[in-house]
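Q:
Residue numbers (this note's numbering), protein chains in the order written: chain A, 30 to 376; chain B, 30 to 376.
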């Protein structure tokens with residue numbers, strides 16, 4: 030991990046050089062982990078020659094063994110004060126900061142540090158994170174295996190009268206046996222409530238012959254999975270079978286188009302047009318997918334607006350859904366890996 | 030709830046008037062809930078006469094029944110585009126935004142909307158939230174009861190060989206029976222690891238005659254609890270008994286000083302001096318406490334730097350701790366309510 034982190038730091042330093050930025054201030058916890066290999070709470074100030082890990086006294090003991098090779102700065106008064114002290118020594122002028130993660134208020138405080146010129150930067154680490162290496166993919170595969178076992182378990186617990194919340198609780202307990210934690214609060218919906226793309230579990234009880242929608246993910250060493258299954262609990266209207274088939278076909282069509290060099294917006298288009306043709310264009314309420322890694326939603330974005338292009342090592346979801354307000358919905362979600370020549374469903 | 034939210038909106042509008050701000054843009058989910066009574070994902074634009082709830086198509090179905098009386102704006106292109114469309118109709122000039130919650134990047138996008146002058150605002154809703162009403166306190170009391178039952182349960186599950194992670198998993202399963210969810214990932218630490226104030230559960234196994242530190246909280250209708258207990262699993266050194274006693278005495282001393290009008294920094298001082306006198310000043314690694322409500326850390330802050338003053342209805346923790354690196358630590362955490370004449374431990 031240390032070795033990996035070191036090469037990631039070098040790659041980021043190269044980017045900074047190209048942008049004539051002398052240092053970068055990193056706040057987002059997943060970015061901090063990606064570069065340091067530690068989940069200890071803190072922020073990074075990276076220069077061409079040095080690497081500072083800024084934390085509080087609460088985390089100092091934890092930080093020391095996990096961050097060997099780093100200069101650990103334990104802030105006394107405030108984060109900005111600690112940054113100021115480092116800046117004085119560095120004499121770096123142009124320092125980038127993560128503009129999407131520092132709040133406007135934090136920026137205002139940083140900009141009081143006149144020793145530096147503060148340059149807003151966007152997605153520098155996130156862009157690197159979008160391409161997964163073998164070790165990262167292996168964590169994601171492990172997360173997927175736990176998730177699939179969880180679906181099997183959940184299905185075995187389906188019975189008339191169980192509530193969405195009860196099932197969600199059982200699911201959480203089960204998945205935490207082999208995973209570190211869930212990657213997002215489980216979505217467990219019954220009947221007409223399956224039309225809520227991000228609905229939260231309630232006391233709604235399961236009845237015979239209803240739809241069940243489960244959207245689950247777990248984390249293994251920080252890496253997320255994200256899968257959705259719609260289950261027919263008993264007999265459901267023929268319409269739902271047709272929609273299910275449509276959605277699976279849309280996924281297959283899109284998968285065939287996945288390869289390096291293809292635009293993400295094109296993948297979205299394949300899915301969207303298929304669903305539109307079947308008359309459900311207006312009720313496919315979201316993008317076709319999103320990258321997954323240390324965050325459950327990350328780069329690349331598989332939407333019609335996306336400017337991103339597929340590259341080998343990218344991992345993203347394909348999740349067409351049809352939502353009929355008051356009636357129910359169907360979504361199926363898989364995770365895909367972009368390979369050198371095409372794409373595969375990750376398992 | 031609707032009625033409560035309405036009076037909260039009026040109180041906020043009054044504040045805006047005083048500041049000569051015509052509208053306020055609110056992002057933070059707890060603030061959105063506080064003002065709307067809904068946990069549906071979205072943001073609020075509040076003017077003197079109108080209230081807009083801006084959301085995406087993902088949440089539109091959910092929003093409609095939960096937000097009657099609100100103008101629900103389903104953003105098509107982007108959040109900023111939706112704000113722009115509202116601004117055009119409003120002709121409000123001075124619009125405040127939550128400077129601690131909007132990122133610098135989001136601010137940059139908002140500032141492209143030239144129809145408005147964007148005023149950074151800090152803690153407007155948070156300040157209101159610091160004073161709890163009867164209904165809020167009742168939710169917190171319920172959350173505390175579940176947390177205490179969870180401590181009893183956890184204690185009953187202590188046995189040689191159980192890992193921190195196993196116990197954390199059991200604890201989560203137990204607490205979700207009666208609570209909506211945990212208010213933060215449970216802190217479950219054994220032995221020398223109890224010296225990590227915010228340590229994360231590992232595969233460390235419990236041995237006889239060790240310290241066990243549990244820091245747990247749950248949410249009831251969005252309201253959090255936050256309590257810590259240090260348990261002696263078997264016999265531990267006399268020193269730990271002394272430290273435990275010291276910490277409980279520091280809490281008692283501080284509780285006696287709690288009443289409206291007292292500075293939060295004074296409460297911190299009482300705790301800090303007591304611990305310092307006993308020779309542990311350097312290893313009391315954090316503030317004496319923090320407010321708890323819709324967030325597990327909110328206003329007021331009980332630290333030596335705090336400028337806040339206690340008011341009736343404030344709820345905060347008192348959590349002295351002594352952390353001996355490599356040996357272990359003891360922390361006890363209670364939640365207090367500021368009453369008209371003094372303070373009480375919330376139960």
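By construction, the Cβ of each residue, glycine as well, lies at the ideal position given by its N, Cα and C atoms.
What residues in the stretch 202-228 of chain B have a beta carbon less than 8 Å from any beta carbon of chain A?
A: Of all residues in the stretch 202-228 of chain B, 202, 205, 206, 210, 214, 224, 225, 226, 227 and 228 have a Cβ within less than 8 Å of some Cβ in chain A.
Q: Here's the rule I'm using: 16 or more other beta-carbon atoms within 10 Å means buried, otherwise exposed. How should residue 181 of chain B be labelled?
A: Exposed is the call here.
Q: Given a threshold of 16 other Cβ atoms within 10 Å of its Cβ, counted over all protein chains shown, does residue 67 of chain A qualify as buried or as exposed?
A: With 16 or more other Cβ atoms within 10 Å, it is buried.
Q: Can you tell me which residues form a DSSP beta bridge with residue 364 of chain A?
A: Paired residues: A:346.
Q: Return the first residue and the last residue of the alpha helix (DSSP H) that residue 208 of chain B is part of.
A: Taken as a continuous stretch (DSSP letters only), residue 208 of chain B belongs to no alpha helix (DSSP H), as it is neither H nor E.
Q: Keeping to the same chain, check which residues put their C-beta closer than 7 Å to that of residue 93 of chain B; ignore five residues upstream and five downstream.
A: Counting only Cβ-Cβ distances below 7 Å, and skipping sequence neighbours, we find 101.
Q: Does the stretch 162-177 of chain B come within contact of the stretch 250-265 of chain B, defined as at least 3 CB pairs closer than 8 Å?
A: Segments in contact, yes.
Q: Taking residue 123 of chain B and residue 83 of chain B to be in contact with their CB atoms under 8 Å, please state how far apart those CB atoms are, rounded to whole angstroms.
A: 19 Å between Cβ atoms; not a contact.
Q: Determine the chain B residues that contact residue 131 of chain A at a beta-carbon separation under 8 Å, and present them in chain order.
A: Here the neighbours are 132 and 133.
Q: Suppose you measure from the CA of residue 233 of chain A to the CA of residue 330 of chain A; what does that come to, to the nearest Å?
A: Distance between the alpha carbons of residue 233 of chain A and residue 330 of chain A is about 33 Å.
Q: When you compare the stretch 277-292 of chain A with the stretch 259-268 of chain A, are there three or more beta-carbon pairs, one atom per stretch, that lie closer than 8 Å?
A: Touching, no, given that fewer than three Cβ pairs across the two stretches are closer than 8 Å.
Q: Establish whether the CB of residue 149 of chain A and some CB of chain B are separated by less than 8 Å.
A: With 8 Å as the cut-off, residue 149 of chain A counts as an interface residue toward chain B.
Q: Give a yes or no on contact between the stretch 362-370 of chain A and the stretch 334-351 of chain A, applying the rule of three or more CB pairs nearer than 8 Å.
A: The answer is yes - the stretch 334-351 of chain A touches the stretch 362-370 of chain A, with three or more Cβ pairs under 8 Å.
Q: Please look up how many angstroms separate the CB atoms of residue 351 of chain A and residue 260 of chain A, rounded, as I've assumed it's under 8 Å.
A: 16 Å between Cβ atoms; not a contact.
Q: Is there a Cβ of chain B sitting closer than 8 Å to that of residue 92 of chain A, yes or no?
A: Answer no: the Cβ-Cβ gap between residue 92 of chain A and chain B never drops below 8 Å.
Q: Taking the straight line between their C-alpha atoms, what separation do you get for residue 90 of chain A and residue 327 of chain B?
A: Each residue's Cα considered, the two are about 25 Å apart.
Q: Any idea which residues DSSP pairs residue 327 of chain A with across the strands?
A: In DSSP, residue 327 of chain A forms a bridge with A:320.
Q: Taking the alpha carbon of residue 236 of chain A as the reference point, which residue from A:221, A:246, A:230 and A:248 has its own alpha carbon closest?
A: If we check each option's Cα against that of residue 236 of chain A, A:221 comes out closest.
Q: Could you compute how far the alpha carbon of residue 109 of chain A sits from the alpha carbon of residue 134 of chain B?
A: Cα to Cα, residue 109 of chain A sits roughly 19 Å from residue 134 of chain B.
Q: If you pair each beta-carbon of the stretch 186-205 of chain A with each one of the stretch 148-164 of chain A, do three or more pairs fall below 8 Å?
A: Too few Cβ pairs lie closer than 8 Å, so no.
Q: If we cut at 8 Å on Cβ distances, does residue 113 of chain B have a partner in chain A?
A: With 8 Å as the cut-off, residue 113 of chain B does not count as an interface residue toward chain A.
Q: Give every residue of the same chain whose Cβ lies closer than 7 Å to the Cβ of residue 203 of chain A, excluding the five residues on either side of it in the sequence, and list them in chain order.
A: These residues qualify, in order along the chain: 179 and 182.
Q: For the beta strand (DSSP E) holding residue 147 of chain A, just list the boundary residues, first then last.
A: Counting along the chain, the beta strand (DSSP E) containing residue 147 of chain A begins and ends at 146-150.
Q: For residue 313 of chain B, report the span of its alpha helix (DSSP H) as first-last.
A: Where residue 313 of chain B is concerned, there is no enclosing alpha helix (DSSP H), given that its DSSP letter is neither H nor E.
Q: Could you give the distance in angstroms between the alpha-carbon of residue 98 of chain A and the alpha-carbon of residue 69 of chain A?
A: Rounded to whole angstroms, residue 98 of chain A to residue 69 of chain A spans 15 Å at the Cα level.
Q: Helix, strand or coil for residue 88 of chain A? Go by DSSP, reduced to three states.
A: Three-state result, residue 88 of chain A: helix.
Q: Restricting to Cα atoms, I'd like to know which of B:359, B:64 and B:111 is closest to residue 216 of chain B.
A: That would be B:359, whose Cα lies nearest to the Cα of residue 216 of chain B.
Q: Nearest-angstrom Cα distance between residue 214 of chain A and residue 78 of chain B?
A: If I take the Cα positions, the gap works out to 36 Å.
Q: Starting from residue 281 of chain A, trace the alpha helix (DSSP H) in both directions and tell me its first and last residue.
A: Its alpha helix (DSSP H) spans residues 267-286.
Q: Quick one: give me the first and last residue of the alpha helix (DSSP H) that residue 100 of chain A is part of.
A: Segment 100-103 is the beta strand (DSSP E) holding residue 100 of chain A; no alpha helix (DSSP H) there.
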